[in-house]
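K.L.:
Have a look at the structure that comes next, please.
Protein chains: 2
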Amino acid sequence: MHTRAGITKLKAMVARVTLAHVARLAGVSQTTASFVLSGRRVEMRISPEVEARVLRAVQETGYRPNVVSRSLRTGTTNTIGFISDTVATTPFAGHLIWGALDAAREHDHLLVIAETEGDKQLEREAISMMHDRSVDGIILASMSTRRVSPPTALLDRPSVLLNGLPMRPGSLTSVVPDEVEAGRSAARVLVQAGYRDGIFIVGAGTKPSETPRGALAAAERLVGIREVLEEAGTHLAGGVMLTAWQPRDGYDATRSLLDRTPEPEALVCFNDRLSVGAYQALEDAGRKVGEDVSIVSFDDDPVASWLRPQLTSIALPHYELGKCAVEILLSGGGRERSGARVHRVPMPVRLRDSVRKPIT
Amino acid sequence: MHTRAGITKLKAMVARVTLAHVARLAGVSQTTASFVLSGRRVEMRISPEVEARVLRAVQETGYRPNVVSRSLRTGTTNTIGFISDTVATTPFAGHLIWGALDAAREHDHLLVIAETEGDKQLEREAISMMHDRSVDGIILASMSTRRVSPPTALLDRPSVLLNGLPMRPGSLTSVVPDEVEAGRSAARVLVQAGYRDGIFIVGAGTKPSETPRGALAAAERLVGIREVLEEAGTHLAGGVMLTAWQPRDGYDATRSLLDRTPEPEALVCFNDRLSVGAYQALEDAGRKVGEDVSIVSFDDDPVASWLRPQLTSIALPHYELGKCAVEILLSGGGRERSGARVHRVPMPVRLRDSVRKPIT
DNA sequence: TATGTTCGCTAAATCGAATTAGCTCAGATC
DNA sequence: GATCTGAGCTAATTCGATTTAGCGAACATA
Chain A
0 MHTRAGITKL KAMVARVTLA HVARLAGVSQ TTASFVLSGR RVEMRISPEV
50 EARVLRAVQE TGYRPNVVSR SLRTGTTNTI GFISDTVATT PFAGHLIWGA
100 LDAAREHDHL LVIAETEGDK QLEREAISMM HDRSVDGIIL ASMSTRRVSP
150 PTALLDRPSV LLNGLPMRPG SLTSVVPDEV EAGRSAARVL VQAGYRDGIF
200 IVGAGTKPSE TPRGALAAAE RLVGIREVLE EAGTHLAGGV MLTAWQPRDG
250 YDATRSLLDR TPEPEALVCF NDRLSVGAYQ ALEDAGRKVG EDVSIVSFDD
300 DPVASWLRPQ LTSIALPHYE LGKCAVEILL SGGGRERSGA RVHRVPMPVR
350 LRDSVRKPIT
Chain B
0 MHTRAGITKL KAMVARVTLA HVARLAGVSQ TTASFVLSGR RVEMRISPEV
50 EARVLRAVQE TGYRPNVVSR SLRTGTTNTI GFISDTVATT PFAGHLIWGA
100 LDAAREHDHL LVIAETEGDK QLEREAISMM HDRSVDGIIL ASMSTRRVSP
150 PTALLDRPSV LLNGLPMRPG SLTSVVPDEV EAGRSAARVL VQAGYRDGIF
200 IVGAGTKPSE TPRGALAAAE RLVGIREVLE EAGTHLAGGV MLTAWQPRDG
250 YDATRSLLDR TPEPEALVCF NDRLSVGAYQ ALEDAGRKVG EDVSIVSFDD
300 DPVASWLRPQ LTSIALPHYE LGKCAVEILL SGGGRERSGA RVHRVPMPVR
350 LRDSVRKPIT
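Heads up: the sequence lines are chains A and B, in that order.
Counting with numbering that gives the first Met the number 0, you get residues 0 to 359 for the letters of the first sequence.
Counting with numbering that gives the first Met the number 0, you get residues 0 to 359 for the letters of the second sequence.
Put into structure tokens, the structure is as follows:
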């Protein structure tokens with residue numbers, strides 16, 4: 000008996016306060032307490048006095064609603080699923096989650112996350128686990144902008160593609176960086192600096208078709224770049240198509256470009272890692288970045304501002320992408336199964352010192 | 000009527016299969032179905048025939064248990080809360096989550112995440128939101144290894160400090176990198192390369208007290224470094240204490256060290272960003288890394304392998320840290336409120352080319 | 001024949017909120 | 001005085017699983 004009482008007391012200390020406790024303390028029914036807490040006082044004709052009693056009981060007990068219980072009844076959990084392919088392994092990808100997290104918190108939601116490492120089976124399992132937990136919606140994020148064939152299980156409830164486009168256009172709402180406009184921005188930086196000839200691409204060829212398989216971004220950037228150059232009455236001098244975009248690849252490509260006659264005057268590197276390699280190749284060849292050769296890059300990796308001279312880069316707006324995806328989901332988007340929109344998020348230009356100052 | 004039927008049908012298509020459906024289809028009670036599914040067949044003396052019927056019904060209906068409902072009854076959610084201060088904003092931090100995610104998945108758990116940006120209020124709110132959802136445990140992660148005063152709300156249920164030590168030692172289980180041993184590793188790399196004199200620290204002084212406030216790692220690394228050097232019959236030649244550890248800071252510190260007589264022979268940079276600055280300063284001064292001056296660094300940021308020569312760095316084992324935290328939590332750890340253990344995860348040496356080859 | 005035991009299964013309670021369908025009493029209406 | 005109306009509240013059901021308590025038949029024991 001002694002022990003039993005002890006245990007009971009211990010449990011009582013740990014046990015959560017429930018609505019029943021609050022109601023009892025306020026001297027009303029659970030129903031009334033529930034109505035007060037859900038703000039339906041007027042509608043349900045609860046007197047202000049009773050409301051006050053309930054609220055005071057809530058205060059006194061430190062009552063917090065049990066979300067699990069509420070979810071069972073209502074079917075909503077104030078929780079969003081975030082499934083990514085390889086988000087964790089890349090530096091700025093955390094910002095994707097960060098943006099999503101911030102938006103979720105603003106709407107009093109929490110994020111449940113999972114990673115698939117590109118494995119379709121894991122992806123299906125993650126979606127199932129989230130459905131089992133009745134998430135209110137799912138965000139399916141890809142690391143690099145590409146076409147995605149969303150598993151049918153996704154179509155059951157609100158979902159948004161993040162940084163990816165559905166294989167069948169219009170079948171799923173998606174949020175992607177505005178790469179075409181980013182291409183225009185990059186080209187404008189060079190055109191405004193006075194460049195017309197000797198502009199080379201590092202990472203892709205000169206035509207949208209000469210682009211790494213699946214790298215949607217590259218093709219779209221080329222469209223924007225070509226457009227602006229054409230307006231300026233010129234065109235790309237060439238490009239080196241690369242399937243991998245690591246510093247080493249940028250180094251090799253840049254070396255090969257330096258063998259050309261005439262030599263490149265400006266480089267458009269398709270990510271900042273390529274730029275790191277390009278800097279090294281130019282240094283080895285005795286060329287000065289921002290003087291002999293200008294470089295515009297994409298992504299705005301932290302390394303961009305560590306390079307000397309600091310690298311001008313068109314930033315991938317990861318934070319905004321994540322935020323946007325959650326906001327669309329919570330504002331009722333992500334339900335359309337036809338005619339779904341593509342939201343394009345602007346990519347801001349980070350103007351630094353790798354491009355020659357315009358001759359004024 | 001027509002519309003109503005349509006809606007009903009639609010709902011029926013979307014509505015989940017419940018245990019009741021399964022039981023009905025198998026011609027048994029819910030209780031029996033539940034016992035079969037929870038593997039308590041023998042204990043509850045369910046005949047193999049009935050078990051088979053239930054399992055077939057599960058197959059046919061594609062039944063999946065509703066986790067929300069189960070949680071309401073059992074109080075467990077198969078969900079772990081992961082709260083970090085600023086994990087998203089730093090490159091390798093994603094690996095912390097990644098490791099946690101992998102371990103969670105192996106145990107059929109999901110991760111609920113939140114970020115506090117170092118704000119105590121947000122931290123408390125995040126913990127509350129997770130408690131409201133009955134998470135089975137909470138991991139409180141810090142970006143840089145430091146002392147943490149865990150909010151009392153954490154003490155309610157299993158929790159683990161990740162990359163942080165509790166202000167009151169032994170009050171909370173924690174998982175941290177083994178920084179002392181990492182310091183030993185770094186020093187051993189230099190000693191084995193033949194260095195005895197002219198070894199300088201970039202980022203801290205030569206004594207554990209001359210260390211940026213709160214940077215537990217720096218103090219511990221110094222302990223390890225001094226220990227090994229002492230064993231080798233020598234000691235640190237000096238160090239530059241820095242409160243910020245960005246490339247710029249490493250650059251300035253290295254320049255100032257190059258003014259000394261005799262000049263530094265080897266640098267121990269306390270993170271890879273400092274090393275980036277050190278490389279640049281040495282290059283400006285016409286010194287060759289790995290020949291004139293050797294560098295050992297910490298963290299193993301991606302940039303370490305982009306530098307030329309590639310940087311030798313003692314890696315922060317983020318993936319393992321995250322994994323370890325989840326495993327401790329799920330194996331019943333994180334409940335002790337006194338005498339809690341500190342788990343130290345080894346920091347592997349990434350031997351590359353920034354240290355002179357040993358003279359053999 | 002009466003009394004247990006074991007086997008194989010089920011009815012009903014439970015978790016904590018949301019919600020539907022009333023119920024009671026005071027005052028208005030005829 | 002009977003009926004209606006509305007204000008102000010509550011009893012009871014529901015969500016979908018887990019779990020406790022127990023039921024009926026078959027068989028064994030005395």
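Backbone N, C-alpha and C define an ideal beta-carbon position, used for all residues, glycine too.
Cα-Cα, which of F34(B), A56(B) and I79(B) is closest to S46(B)?
P.N.:
Along the second sequence, read from residue 1 onward, the residue named residue 46(B) stands at position 47. The shortest Cα separation from S46(B) among F34(B), A56(B) and I79(B) belongs to F34(B).
K.L.:
Grouping DSSP H, G and I as helix and E and B as strand, with all else coil, what is N65(B)?
P.N.:
Position 66 of the second sequence, counted from the start, is the residue given in the question as residue 65(B). Coil at N65(B), not helix or strand.
K.L.:
Leaving aside the five residues before and after H317(B) along the sequence, list all residues of the same chain whose C-beta is less than 6 Å from its C-beta, in chain order.
P.N.:
Against the second sequence, residue 317(B) aligns to sequence position 318. These residues qualify, in order along the chain: F91, H94 and L95.
K.L.:
Going by DSSP in three states, L161(A) sits in which element: helix, strand or coil?
P.N.:
For the purposes of this step, residue 161(A) is taken as residue 162 along the first sequence, with counting starting at 1. Correct three-state label for L161(A): strand.
K.L.:
Taking A217(B) as the reference, which of P157(B), Q191(B) and G182(B) has the closest Cα?
P.N.:
For the purposes of this step, residue 217(B) is identified with residue 218 of the second sequence, where counting begins at 1. Checked all of P157(B), Q191(B) and G182(B); the closest Cα to A217(B) is G182(B).
K.L.:
Taking beta-carbon pairs under 9 Å, can you tell me which members of the region 117-130 of chain A lie near chain B?
P.N.:
If the cut-off is 9 Å between Cβ atoms, the region 117-130 of chain A has L121, E124, A125, S127, M128, M129 and H130 near chain B.
K.L.:
What is the DSSP secondary structure of R15(B), counted as helix, strand or coil?
P.N.:
Against the second sequence, residue 15(B) aligns to sequence position 16. Residue state, collapsed to three classes: coil.
K.L.:
Are T147(B) and M129(B) closer than 8 Å when you measure CB to CB?
P.N.:
Position 148 of the second sequence holds residue 147(B). Position 130 of the second sequence holds residue 129(B). The question names Thr, but residue 147(B) in the sequence shown is Val. Cβ distance not < 8 Å, so V147(B) and M129(B) don't count as in contact.
K.L.:
Buried or exposed, going by whether 16 or more other CB atoms sit within 10 Å of the CB of T7(A)?
P.N.:
By 1-based counting over the first sequence, the position of residue 7(A) is 8. Low confidence applies to T7(A): its pLDDT is 34, below 50, so where it sits in the model is not reliable, and the reading given next is rough at best. So T7(A) counts as exposed.
K.L.:
At what residues does the alpha helix (DSSP H) containing I104(B) begin and finish?
P.N.:
By 1-based counting over the second sequence, the position of residue 104(B) is 105. Here residue 104(B) is Arg; the residue named in the question, Ile, does not match the sequence. A92 to E105 is the extent of the alpha helix (DSSP H) around R104(B).
K.L.:
With a 10 Å radius around its C-beta and 16 neighbouring C-beta atoms as the bar for buried, classify G80(B) as buried or exposed.
P.N.:
The sequence position of residue 80(B) within the second sequence is 81, counting from 1. Under this definition G80(B) is a buried residue.
K.L.:
List the endpoints of the continuous alpha helix (DSSP H) containing L54(B).
P.N.:
Residue numbering aside, residue 54(B) sits at position 55 when the second sequence is read from its first letter. Taken as a continuous stretch (DSSP letters only), the alpha helix (DSSP H) holding L54(B) covers P47 to T60.
K.L.:
With a threshold of 6 Å on Cβ separation, who are the neighbours of S184(A) within its own chain once the five nearest residues in sequence on each side are excluded?
P.N.:
By one-based count along the first sequence, residue 184(A) stands at place 185. Here the set comprises I313 and V348.
K.L.:
Any chance you could list the beta strand (DSSP E) runs of at least 3 consecutive residues sitting entirely within the region 182-238 of chain A, in chain order?
P.N.:
Taking only runs of at least 3 residues, the beta strand (DSSP E) segments lying wholly in the region 182-238 of chain A are 198-202.
K.L.:
For V267(A), report the span of its beta strand (DSSP E) as first-last.
P.N.:
Taking the first residue of the first sequence as position 1, residue 267(A) is located at position 268. First-last of the beta strand (DSSP E) with V267(A): A265 to C268.
K.L.:
Using only the alpha-carbon positions, how far apart do V66(A) and N65(B) sit?
P.N.:
Counting from one through the first sequence, the residue named residue 66(A) turns up at place 67. Counting from one through the second sequence, the residue named residue 65(B) turns up at place 66. Distance between the alpha carbons of V66(A) and N65(B): 15 Å.
K.L.:
Short of 8 Å in beta carbon distance, which residues of its chain neighbour L164(A), apart from the five on each side in sequence? Order them along the chain.
P.N.:
As a first step, residue 164(A) is located in the first sequence; it is residue number 165 there, counting from the start. Correct list, in chain order: T144, R145, R146, V147, S173, V175, L215 and V341.
K.L.:
Less than 6 Å between C-beta atoms, sequence neighbours within five positions excluded: which residues of the same chain meet that for Q245(B)?
P.N.:
Within the second sequence, residue 245(B) is the residue found at index 246, counting from 1. Cβ within range, chain order: R272.
K.L.:
Would you give the residue range spanned by the beta strand (DSSP E) that M142(B) belongs to?
P.N.:
Reading the second sequence from its first residue, position 143 is the one you call residue 142(B). Its beta strand (DSSP E) spans residues G136 to V147.
K.L.:
Give a yes or no on whether 8 Å exceeds the smallest Cβ distance from P316(B) to chain A.
P.N.:
If you number the second sequence from 1, residue 316(B) lands on position 317. False, the Cβ-Cβ gap to chain A never drops below 8 Å.
K.L.:
Closer than 8 Å, CB to CB, is V325(A) near chain B or not?
P.N.:
What you label residue 325(A) is simply residue 326 of the first sequence in a count that begins at 1. No, its Cβ sits nowhere closer than 8 Å to a Cβ of chain B.
K.L.:
Does T60(B) get closer than 8 Å to chain A when you measure Cβ to Cβ?
P.N.:
By 1-based counting over the second sequence, the position of residue 60(B) is 61. No, no contact with chain A.
K.L.:
I want to verify the contact list: residues of chain B whose CB lies under 7 Å from the CB of E114(A), in sequence order.
P.N.:
Reading the first sequence from its first residue, position 115 is the one you call residue 114(A). Within chain B, the residues near E114(A) are W97 and L100.
K.L.:
Does Q309(B) have its Cβ less than 8 Å from a Cβ in chain A?
P.N.:
Taking the first residue of the second sequence as position 1, residue 309(B) is located at position 310. No - not a single Cβ of chain A is within 8 Å of the one on Q309(B).
K.L.:
List the residues that DSSP assigns as beta-bridge partners of I112(A).
P.N.:
Residue 112(A) sits at position 113 when you count from the first residue of the first sequence. The partner list for I112(A) (beta bridge, DSSP) reads F81(A) and L110(B).
K.L.:
With H, G and I counted as helix, E and B as strand and the rest as coil, what does DSSP make of M43(A)?
P.N.:
Locating residue 43(A) in the first sequence gives position 44, where the first residue counts as 1. Residue state, collapsed to three classes: coil.
K.L.:
Around the Cβ of P211(B), are there at least 16 other Cβ atoms within 10 angstroms (buried) or fewer (exposed)?
P.N.:
Residue 211(B) sits at position 212 when you count from the first residue of the second sequence. The residue is buried, with at least 16 neighbouring Cβ atoms inside 10 Å.
K.L.:
How far does the alpha helix (DSSP H) with D131(A) in it reach, from first residue to last?
P.N.:
For this step, residue 131(A) is matched to residue 132 along the first sequence. Taken as a continuous stretch (DSSP letters only), the alpha helix (DSSP H) holding D131(A) covers K119 to D131.
K.L.:
Quick check for students: name the residue ranges of the alpha helix (DSSP H) that lie wholly in the region 297-341 of chain B, counting only runs of 4 or more.
P.N.:
For the region 297-341 of chain B, whole alpha helix (DSSP H) runs of length 4 or above, ordered along the chain, are 317-329.
K.L.:
Do you know whose CA, among S28(A), G26(A), E326(A) and S304(A), lies nearest R247(B)'s CA?
P.N.:
In the second sequence, counting from the first residue as 1, residue 247(B) sits at position 248. Per the Cα distances, S304(A).
K.L.:
Does the distance from the C-beta atom of V21(A) to that of A56(A) stay below 8 Å?
P.N.:
Your numbering for residue 21(A) matches position 22 in the first sequence. Your numbering for residue 56(A) matches position 57 in the first sequence. In this structure, A56(A) lies closer than 8 Å to V21(A) by Cβ.
K.L.:
Please tell me whether Q29(B) has its Cβ less than 8 Å away from any Cβ of chain A.
P.N.:
Your numbering for residue 29(B) matches position 30 in the second sequence. No, because no Cβ of chain A sits closer than 8 Å to the Cβ of Q29(B).
K.L.:
Can you find the residues in the same chain that come closer than 6 Å, C-beta to C-beta, to A265(B), ignoring five residues on each side of it along the sequence?
P.N.:
What you label residue 265(B) is simply residue 266 of the second sequence in a count that begins at 1. Same-chain partners within the cutoff: L189, Y194, I198 and S293.
K.L.:
So, is R39(B) buried or exposed, given that buried needs 16 or more other C-beta atoms within 10 angstroms?
P.N.:
Within the second sequence, numbered from 1, the residue matching residue 39(B) stands at position 40. With fewer than 16 Cβ atoms within 10 Å of its Cβ, R39(B) is classed as exposed.
K.L.:
According to DSSP, what are the bridge partners of R349(B)?
P.N.:
Position 350 of the second sequence, counting from 1, holds the residue named residue 349(B). S312(B), per the DSSP bridge assignment.
K.L.:
Any C-beta of chain A sitting closer than 8 Å to the C-beta of R336(B)?
P.N.:
The residue given as residue 336(B) occupies position 337 in the second sequence. No, its Cβ sits nowhere closer than 8 Å to a Cβ of chain A.
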